[in-house]
Amino acid sequence: MQNQMNLLRDLQEVDQEISSIEATRQGYRDELSAFEADATRVQEMLDQLNDEIALLQQSEAELQQSLLKECDNVTKVEARLPEIQTQKEYVAVLKEIDVAKKTNKEVEEQMLSKQQEISSLEADLQEKEVELAAIQGKSEARGTELTQLLSESEEVLIKRTQTRESVAEELPVALLRKYHTLFKRRGGLALALASQGACLGCNMQLPPQQYNRLLQVAEIQTCPHCNRILFVETSV
Ligand SMILES: [Zn+2]
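Every number in the working numbering is 307 more than the matching position in the sequence shown, counting from 1.
Written out as structure tokens, the structure reads:
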């Protein structure tokens, strides 16, 4: 009975260690995914900026085309001036030139505004590229560390699992099942120390008779309040 109690205590110790290793490993994996999520987020911003810049550049090129065409027109119309004979026609042509020049000025202003938009987006783009590079740099360095930590902790985990299996093998199946259920339901604490007449798992007073029997270490007993398997510290 004392032997079973010792095995259970070993089992609980190794199970607690396994839980803690698993929680740590989950933390490593979460950290890795956070880096990936960050990089994806910035990459999406980069893609979006690139798309916007491409659209602006396209409309700037279209404006450039229409400007060239209009300038060509002005030149052609101006070339007609010396051949004009009537005052009326002369005024009409001058008006035509004036309108065309005004249009050109507007187109030039639109182009300028597109160029300014493009520059501002390009500045954003550069900023995001720096941000992405920083994330990638960090994630590469920490990623290597995390991968290493994951692989080291996996080795420890495998060893601990082997230990737990070999301890578990020596325990009666029914007791093992009871322990498992308690370990899950009682937050990783299936066994509780009984001391000075109380269960330290739930801090409730145990019936004196039960406590006396516990001190004799003759049988496996559970706490009537929290159901945990009780043990006492023996001087042996
Ligand atoms: Zn209890």
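Beta carbons are placed, not taken as given, at the ideal position from N, Cα and C, and that holds for glycine. These figures come from a predicted structure and were not determined experimentally.
The Cβ atoms of Gln-528 and Leu-521 lie closer than 8 Å to each other. The C-beta separation of Val-349 from Glu-438 comes to about 5 Å, placing the pair in contact by the 8 Å criterion. Here DSSP, grouped into helix, strand and coil, assigns Thr-451 to helix.
Going by DSSP, Ala-330 is part of the alpha helix (DSSP H) stretching over 309–387. In this structure, Met-352 lies near Lys-435, with their beta-carbon atoms less than 8 Å apart.
Per DSSP, Ala-499 is one residue of the beta strand (DSSP E) stretching across 498–502.
When distances are taken from the beta-carbon of Ala-497 to the heavy atoms of ligand 1, even the shortest one reaches 7 Å or more. Setting aside the 5 residues that flank it on each side, Asn-357 is surrounded in the same chain by Leu-432, each with a C-beta closer than 8 Å to its C-beta; the list follows chain order. Annotated three-state conformation of Ala-525 is coil, per DSSP. Beta-bridge partners assigned by DSSP to Ala-505: Ser-502 and Gln-512. For Leu-537, the uninterrupted beta strand (DSSP E) segment begins and ends at 536–538. Thr-470 sits in a helix when the DSSP states are folded into three classes. Ranked by Cα distance from Asn-510, the first of Leu-537, Arg-492 and Gln-516 is Leu-537.
Ile-328 sits close to Arg-467, with the two beta carbons spaced by under 8 Å. Take Ala-346, set aside five residues on each side of it, and the residues of its chain with a beta-carbon closer than 8 Å to its own are Leu-439, Ile-442, Gln-443 and Ser-446, in chain order. Residue state for Arg-492 is assigned as helix, using DSSP reduced to three classes.
Setting aside the 5 residues that flank it on each side, Val-539 is surrounded in the same chain by Leu-500, Ala-501, Ser-502, Leu-521, Leu-522 and Val-524, each with a C-beta closer than 8 Å to its C-beta; the list follows chain order. Buried is the label assigned to Lys-421, since at least 16 other Cβ atoms lie within 10 Å of its Cβ. Pairing Arg-535 with Leu-482 gives a Cβ-Cβ distance that is not under 8 Å. Sorting Gly-508, Gln-365, Leu-507 and Tyr-486 by C-alpha distance to the C-alpha of Gln-311 places Tyr-486 at the top. When DSSP states are grouped into helix, strand and coil, Glu-477 belongs to the coil group.
Under the three-state reduction of DSSP, Thr-541 is assigned to coil, being neither helix nor strand. Under the three-state reduction of DSSP, Ile-442 is assigned to helix.
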